[in-house]
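Following: one structure in structure tokens, then a few remarks.
In my numbering, the protein residues as written are 221 to 323.
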């Protein structure tokens, strides 16, 4: 789902809100989330999941086409860990046939 599709969906389900106001609210929320993560913070949304920033150390990777080594510098990367309710909802509570996890 794209941001514009999310805005449209919220505006359709909330007839008392104008799409312009929904767009403003969604953009403000995303800006605040980005500012929190940029400052090294963590975002926990109970039942949904948590967002955090993790440090990735410098390493040597490989070019997938040629196999030649490529130097990758240290960096910070955002990370998302789904909450239990989201994980259960996405997986539908069904196990894979080989028992590896949930479908």
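For each residue, glycine too, the CB sits at the ideal point set by N, CA and C. If you're wondering where the values come from, they're calculated on a predicted model, not measured in any experiment.
Query	Result
Spatial distance of residue 249 from residue 228 (CA atoms)	16 Å
Inter-residue CB distance, residue 294 and residue 276 (contact presumed, cutoff 8 Å)	7 Å
Where residue 238 falls, given that 16 or more other Cβ within 10 Å makes a residue buried	exposed
In DSSP terms, what residue 290 is bridged to	281
Beta-carbon contacts of residue 257 that lie in its chain and below 8 Å, excluding the five residues immediately before and after	263, 271, 272, 273, 298
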